[in-house]
Amino acid sequence: QQQVKQSPQSLIVQKGGIPIINCAYENTAFDYFPWYQQFPGKGPALLIAIRPDVSEKKEGRFTISFNKSAKQFSLHIMDSQPGDSATYFCAATYLMDSSYKLIFGSGTRLLVRP
Amino acid sequence: DSGVTQTPKHLITATGQRVTLRCSPRSGDLSVYWYQQSLDQGLQFLIQYYNGEERAKGNILERFSAQQFPDLHSELNLSSLELGDSALYFCASSANLQGDVSYNEQFFGPGTRLTVL
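These protein sequence lines map, in sequence, to chains E and X.
Just so we're aligned: 76 in the working numbering is position 73 of the first sequence, and the numbers increase by one with no gaps anywhere.
Just so we're aligned: 51 in the working numbering is position 1 of the second sequence, and the numbers increase by one with no gaps anywhere.
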């Protein structure tokens, strides 16, 4: 129940395409859903996050769509660029013992071809 | 730049040895988390400290230990190293205040790449 399932494992799109990464969860105690972007040899960086009472959030070319009833959420990258090539992790946060815990999905390796 | 610093950047050692990884959290953050990322693997949570005290344990081996010092920097000690311990080790920090979850977002350091030969 403390899992976040992420798909696909890898994704290749052409420049300008809209890659979509999907995540699903079971635990209804999750109350915050961040996405992290990681470039090779670097640490994950917080990209965008959404609360479960919001169905969509946009920040620049990145959009999270959230379906609370289906317990699914996804990341869309509009007008993707080669510089967006990275590994993307979805995650979910829940409160336990007065401390927030973060559960990561398995990651999606995105390649945007020029 | 997340504001979290980690040293060293790279570490090469032999099996059976012991190493110490160091992390300084963002200014003002009280919570430190350690993660392990093996090749082509996701992020595995190891352990969390909050204001000097252990707060949560994940998939941390008994050969591994950590501590957080009064100045809030943290060290992860890895002993009796095995080939399979080769990985990227990340430290993250958060404010971990009571209240809104967005105040508890985790910010990651650049990582330490450990190679065990």
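Ideal placement from N, C-alpha and C gives every residue a C-beta, glycine not left out.
In this structure E/SER102 does not touch X/ALA137 by the C-beta definition: roughly 24 Å separates them, more than the 8 Å allowed.
In this chain, the beta strand (DSSP E) harbouring X/THR55 covers 55 to 57. Exclusion of the five residues before and after X/THR57 leaves ARG72 as the residues of its chain whose Cβ lies within less than 7 Å of its Cβ. A straight line joining the alpha-carbon of E/ILE21 with that of E/PHE76 spans about 16 Å. In this structure, the straight-line span from the alpha carbon of E/PRO37 to that of X/ARG113 is close to 31 Å.
From the beta-carbon of X/GLN98, the residues of chain E found nearer than 9 Å are SER102 and LYS104. Within the same chain, Cβ atoms closer than 6 Å to the Cβ of E/THR96 are found at TYR35, TYR103 and LEU105, the five residues on either side in sequence being excluded. Distance from the Cα of X/GLN91 is smallest, within the candidate group E/GLN12, E/LEU114, E/ARG116 and E/HIS79, for E/GLN12. In terms of beta-carbon proximity, E/ASP56 stays away from the interface with chain X, with every pair separated by 8 Å or more. Contact with chain X is absent for E/SER88, since none of that chain's Cβ atoms lies less than 8 Å from the residue's Cβ. Cβ proximity to chain X below 8 Å picks out ASP34 and TYR35 from the stretch 24 to 35 of chain E.
At a cut-off of 8 Å between beta-carbon atoms, E/LYS60 makes no contact with chain X. Rounded to whole angstroms, X/ASP121 and X/ASN101 show a C-alpha spacing of 9 Å.
Non-local C-beta neighbours of X/THR70 in its own chain, meaning closer than 6 Å and more than five positions away in sequence, comprise GLU125 and ASN127, ordered along the chain. The Cβ atoms of X/THR162 and X/LEU80 do not sit closer than 8 Å to each other. Between X/GLU103 and chain E, the shortest Cβ-Cβ separation is not below 8 Å.
Contact between the stretch 81 to 88 of chain E and the stretch 24 to 32 of chain E is absent, with fewer than three C-beta pairs closer than 8 Å.
Collapsing the DSSP output to three states places X/SER152 in a helix.
For E/MET81, there is no enclosing beta strand (DSSP E), since its DSSP letter is neither H nor E. Cβ contact annotation for E/THR31 (same chain, cutoff 8 Å, sequence separation greater than five): LYS74, in chain order.
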